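Number 106 in my numbering belongs to position 9 of the sequence shown; there are no gaps in the numbering.
For glycine and all other residues, C-beta sits at the position ideal for the given N, C-alpha and C.
Since the model is a prediction, treat every value here as computed from it, not as a measurement.
See below for the structure under consideration.
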Amino acid sequence: MRTTRQELTLSGALSDPLIGALLAADKVDPVRFEAMLRTVARQIGAGSQPKKPLREITPCSVSGLWGCS
Numbered sequence: 098m099r100t101t102r103q104e105l106t107l108s109g110a111l112s113d114p115l116i117g118a119l120l121a122a123d124k125v126d127p128v129r130f131e132a133m134l135r136t137v138a139r140q141i142g143a144g145s146q147p148k149k150p151l152r153e154i155t156p157c158s159v160s161g162l163w164g165c166s
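Below, the structure is given as structure tokens:
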């Protein structure tokens, strides 16, 4: 049996039912979450650093993403 190893794309991950269930359980707005991920991906792809190091991105540092006020 031959298998190929494919890298999960951002679109593939966001359309995955399990990831969708996790986002819903955590009350994450999937549209805003996708926008944030695409922004970081664009910045990395352009060779620049994200505005905040990824380790510093917390649920409430992304305004409204996790329902933080």
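If you draw a straight line from the Cα of glutamine 140 to the Cα of leucine 115, it is about 27 Å long. In the three-state reduction of the DSSP assignment, serine 112 falls in the coil class, being assigned neither a helical nor a strand state. The residues Glu131, Leu134, Arg135, Ala138, in chain order, have a CB closer than 8 Å to that of leucine 107 in the same chain once the five nearest residues on each side in sequence are set aside. A residue is called buried once 16 or more other Cβ atoms fall within 10 Å of its Cβ, and valine 128, having fewer, is exposed.
DSSP places alanine 132 inside the alpha helix (DSSP H), whose first and last residues are 127 to 142.
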